[in-house]
Each structure stands twice: as C-alpha cells, then as structure tokens.
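Sequence order for the protein chains is A and B. 15 is the number of the first residue of the first sequence in the numbering used here; add one for each residue after it. 49 is the number of the first residue of the second sequence in the numbering used here; add one for each residue after it. Don't be surprised by glycine CBs; every beta carbon is placed ideally from N, CA and C.
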Amino acid sequence: MNASLIGFEIAVVLLGLGLLLLDLWTPPERRRGLGLAAALSLLLVLVATFVVPIPQEAVGFGGGYLFDGLALFFKRFFLVAAILVLVMQTEFADRIASGLSEFYALVLFALAGMMFAASANNFVMLFVAIELITVTFYVLTSFQRGRQASLEAGVKYLILGALSSGFLVFGIALVYGTSGTMSFPEIAAKIEANHSLAHQGLFQFGIVLVMVALGFKIAAVPMQIWAPDVYQGAPTPVSAFLAVGSKAAGVVLLLRVLLTAVPDLAGHSAKLLMVAAGVTILYGSLCAIPQRNIKRLLGYSSIASAGFLLLGLSALNLNGVSAILYYLGGYLFTVLAAFLVICIVTRSTAGQTSQEDDVGLFAGLHQRSPLLATALTLAMVSLAGVPPLAGFFGKFLLLKAVVESASSPDQTALRSAYYTLIAVGLTGVVISLYYYFGVVKAIFWSKGVGDLSPIPLSLPARLSLYVCIAGMIFLGVYPGPLLDLTDGVVKAVFK
Amino acid sequence: MNVGLEQYLMVSGLLFCFGLLGVVVRRNLIIMYMGLELMFNAANLALVAFSRFNDNLDGQLMVFFIITVAAAEVAVGLALIVALYRKRQSAHVEDLTTLKL
C-alpha cells in the first residue's frame, strides 16, 4: 500500500540508478545520448501520472506522506521541468569535463527530492526532502570543477544552504517541543484545541525559523543573498533547475506549513509576509538594473519573482494560492526558455571568464537564429509581465488576489498595508520592464555586431523551445484550463 | 541539583548561538563549517530533551535523520572546500571574489 503511493518517486530513483549503471557500458562518445534517454523515460513517467489510477487523497508512512491534488500538480510540474532541464544538459554536455552520467543522474535524484517535498505532511519528510534537494544541488552547482566561478558558487551555496538547514532543524525542534508532534494536521488540531499554543513565544519563533529556511529555497529576503552568485557561477542547466524546481519545492512546502499546520498563525503573520514580499520585490528589481551578465540578471529576476509569490501568499485567500500555482506554471516555461537559449548561445564563448554570459553575446541573435531570438524575446517579455503572455496573467492574478483582500470587509485593519503592497508590486513591474527590455534591445538593435554565423540547433533543443513558446503563449491567451485546474486543486486541499 | 528541561534548552540555545556566531564572525571555511555542525547538534540536543520530557519518541527519530543528513552534507561540503583549496590555495572567504557585481 505504502510502496504503491510512492510509485512515481521510485521510478525516478530507479531511473537515476539505472543511468549510473548504464554509464559503465556506454562508450564515452555516446554518453551524451543518455540524457535524452533519461528525458524520454521521464516523459513516460509524466504520461503515467495521467494514465495510472491515482487515489483522490491518501496518506502513507505514518502520516508523513500525503498524496492529494496539490502533490500531484507539483509532481507533474517537477517532471516537466526535469525533462526540459535534461535536454538542456545534453546541449551543455561538451562543457562538462568528466562524469556526464552523474550530471544527469543527480538531476534525477534532486527531482525525486522535489517530488517527495510535494507530498510532505510532517516535518521529518519536509526535512529529508529538502536536504535531498539541497545536498544534490551543492554537487550540481560546483560540477564544473575546473571553472573557478562554479566552485565558488558551490561553496557559497554550501555555507548559506547549511546555515538555512541549521535554522530549519532548530525551528523544527522548537515547534516539536511546544506542540509535541511533527505532523502538520496534528499541529493544526492541537492549535484548534488550545489556542494559547499559537501565541507561545517559542512556538512562533520556531515557525519563523522554519519560514526563514524555506525562504532560502525560494530566494526571498532575508535569505536571498546567494541567488545571483550561484545562478551566475553554476552550470546553466543547474541554474535553470534551481530557478524553477528548487523554488517551486520551497513554495509547496511553504504552502503546506503555513496553510495546513498553522492556518491561524498565517492570518496573524500577514504583515510579516507583506513586508517580506515588498522588500523582496524591490530588492530583486532594483539590483537587476545595472547587471550585464544575463545569468546574474536572471538571478535577481528570480528574487523579484519570489517576492511576487510571497505577495500571493500574503493575500491570505484561496485565490492568492491558486494564483501562485498559475504563476509558477507560466514561470516554468518562461525561465526554462530563457536558460535554454543562454545555454546554446554561450557555447562558443565557454571558458572566457571575462565576457562569459554577457548580454552583448546576444547581439544580432535574430539574424543568427530567428527561433532562439523569438524564444528569448518572448521569455523576457513574459517575465516583464506584458500581455498576452503567461507572465502577465500570473502577475495579474496575484495582484488581483491582493486587491480582493484589500477590499474585503474582514481585512479593514490591513487595508492601507495592502494598497501599499500593490503599489510596490506595480513599481516592481515597471522597473523590471527596463532591464528585461535591455536584453531585447541587445538582441535586435545592437551596433557593430561581429559574429553573424548561424547557430545550429539540435532536434531536441528545437522541440523544447517550441514547447516553451507554446506554453508561454497558451497560458497567456487561454488561461481557462490551467486556472480551473489550480482553483479546483486549491479548493480541494485547503477547504 | 535537579536537571530539568530548561537546563537542556539553555545549553542547546547557547550551542546554537555559538555556532551562529562562528559562522558569522570567523572567515575560515572549515571553521565556519564547524559552526554549522554545532548548530545542527544544538537542534539535536533540543529534540532529544523535548522527546524525553514529552514522553514521545518522534523527536529521537528525527535526530537519526538529522545525523544521517548532516554526515552526507559534511562529505559533500568538505570535498567541495578541498576542491576550492586546490584551485585557490586558500580556504578564506575573503578570497571568494570571482563572482561580483
């Protein structure tokens, strides 16, 4: 019974182990193809999530593992992300000196961690899942051992990641000590039975520590400092997986802790969430302005996005949560498209540290490869939040949820705070227009372009780009299907 | 003197603060890493104490997971620091200057 619940995770882990074994019999020149094989196998797992009969809601492993609509949504999300990242890795293969199969396998193990995180229902599962993701990413970030930037990014991620893990375990210890249980629903039940628990200093301090640690995962203030350095130094596919997978895992855990375990306390901490959201948006947007390195720019943009996700959370209504899921859906295609283009375009300049990943590399891209130029332009426009693309609709829904909270009669005390937050969010959008369009400008209107040789595109890369472009446009033009899905999921899970 | 929950928590809190102080103040990566381990063990102590005084074994179970995960983290972390040392001949944070604005 228990084993059948974690069938998808088992499949992913077995796939990773199989890949490591296959490596022994594969000649070096053909190892690159293993990534595509892994991507295809993951595609099968993704199809299986639609075909295999799945319980509506089931709990296993002593209440630690929960399979519900939200878990399924995020499992599919992570699978799609991992498939696109694996394709990106095969494009990146020539820049990995040794251990290519491990490079693929580690992404699969991180994926398994994320899928477990989507189902976490107590603090033990939360901790183990989060550490499986983080420790894997330490290795992935520093995978280009010959490149100093990569090693440095790995060490920075290591120290700050371990620091956030330290906060996490101490927070868990305090919450466990005051409530006497690790399980999210049981904590909620204890608060229900005894309201004074939620106002105990130690309990609140524990929850805040846990939230800070999860804030590290989504790159929100005050644990945002690692993001730009790590995104810049890590191998491009790893940055992409960090931006999408790791962030979404943080979001789902934050939702589980705040809305399942301490819904009461979440209501009282609205101000805290609002301040974190506002500061995160402003920090990300303002610091992105002077950046010339595109991966660093995307690092800051990822911080700003974390701010928007927190904005949805601070709205404290189900529409806000549904908007978060929608925003993540659009974010997946947008960010992966951007990183895939970066990965392909920077191939020629790999190893030259001085101008690696400089925005100037994209000069004349529309003549070198119209498809790459279209994908990157759409990604930037979508991230900036211009209609009719996915990013616009996501931000629109998030702000709409905050407006609803501001105008609802039971939030009168926070009304002015909500309006300030909306103003901050809109300011962030306006600032972001400037730096995203800097990239678009570099693509189409650069002077003195040197290299105009066409860029060859492999079939898998081409297909992934089509998928990303289709995703960005579809989610922007026909928001209905996904919106119905996220609304249904959220209403079923957080009554 | 009777040792109660408060005493254990006091020690655990002190250990956590020392660990955090070590990470924030010291500039050598290995020492910083030791500070981080101290923070983990502070949490372990608190968990075991709570577990003992709550008559509930969940906390002790969590400690096993934390020890295992911390061991994995140290294995990866030290390998990384050694790799960086080979490249730079230094394990000081001030020398991590490749990635800047």
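In DSSP terms, what residue i is bridged to
i       : result
L80(A)  : V73(A)
A17(A)  : Paired residue(s): none; A17(A) is not in a bridge.
N307(A) : D372(A)
S197(A) : N136(A)
H140(B) : N76(B)
Below-8 Å beta-carbon distance, residue i vs any chain B residue
i       : result
F322(A) : no
V271(A) : no
Q246(A) : yes
Y314(A) : no
Y152(A) : yes
D108(A) : no
S156(A) : yes
D371(A) : no
V149(A) : yes
D243(A) : yes
Residue range of the unbroken alpha helix (DSSP H) whose run includes residue i
i       : result
V71(B)  : 53-73
W240(A) : 240-247
I487(A) : 473-491
K135(B) : 106-136
I78(B)  : 77-102
L403(A) : No alpha helix (DSSP H) contains L403(A), which DSSP labels as neither H nor E.
M225(A) : 215-232
L147(B) : Note, L147(B): premise wrong, no alpha helix (DSSP H); not H, not E.
G49(A)  : 46-65
F380(A) : Sequence inspection shows His at residue 380(A); the Phe mentioned does not correspond to that position. Here the alpha helix (DSSP H) through H380(A) covers 379-382.
N208(A) : Neither: N208(A) is in no alpha helix (DSSP H) and is coded neither H nor E.
R429(A) : 429-458
P251(A) : 250-255
K261(A) : 261-269
M288(A) : 284-302
F347(A) : 332-359
G494(A) : 494-507
Short CB-CB distance (under 8 Å) between residue i and chain A
i       : result
V59(B)  : no
F113(B) : yes
F66(B)  : no
G125(B) : yes
V130(B) : no
A119(B) : no
L62(B)  : no
L109(B) : yes
V71(B)  : yes
Under 8 Å between C-beta atoms of residue i and residue j
i       : j       : result
L147(B) : A163(A) : yes
V141(B) : R75(B)  : yes
V454(A) : L350(A) : no
L146(A) : L93(A)  : no
V111(B) : V96(B)  : yes
A227(A) : S179(A) : yes
L174(A) : F230(A) : yes
A254(A) : A241(A) : no
E218(A) : L279(A) : Before going on, a small fix: residue 218(A) reads as Gln here, not Glu. The answer is yes: Cβ separation under 8 Å.
N16(A)  : G77(A)  : no
L98(A)  : S478(A) : yes
L122(A) : L50(A)  : no
V438(A) : L296(A) : yes
L385(A) : L471(A) : yes
V183(A) : I114(B) : yes
M394(A) : D106(B) : no
V512(A) : R306(A) : Only positions 15 to 509 of chain A appear in the structure, and residue 512(A) is not among them; the question remains open.
CB contact check: residue i to chain E, cutoff 8 Å
i      : result
V51(B) : Of the protein chains in the structure, A and B, none is chain E.
Scan the stretch 79-106 of chain B for residues whose Cβ lies nearer than 7 Å to a Cβ of chain A and list them as they occur along the chain. Answer set for the stretch 79-106 of chain B: M80, L84, M87, F88, A90, A91, A94, L95, F98, N102, N104, D106.
Under 9 Å (Cβ pairs) to chain B, residues found in the stretch 177-189 of chain A: Within the stretch 177-189 of chain A, the residues whose Cβ lies closer than 9 Å to some Cβ of chain B are L177, S179, G180, F181, L182, V183, F184, G185, I186, A187, L188, listed in chain order.
In chain order, what residues of the stretch 119-145 of chain A put their CB closer than 9 Å to some CB of chain B? Only those residues of the stretch 119-145 of chain A whose C-beta falls short of 9 Å from the nearest C-beta of chain B are listed: N136, F137, V138, F141, V142, E145.
Could you list the residues in the stretch 158-177 of chain A with a C-beta less than 8 Å from some C-beta on chain B, going in chain order? So the list reads R159, Q162, A163, L165, E166, A167, G168, V169, K170, L172, I173, A176, L177, given in the order they occur along the chain.
Mind listing which residues of the stretch 192-216 of chain A have their C-beta closer than 8 Å to chain B's C-betas, in chain order? Listed in chain order, the positions of the stretch 192-216 of chain A with a beta carbon within less than 8 Å of a beta carbon of chain B are G194, T195, M196.
Note down, in chain order, all residues in the stretch 224-237 of chain A with a beta-carbon under 7 Å from any beta-carbon belonging to chain B. So nothing in the stretch comes that close.
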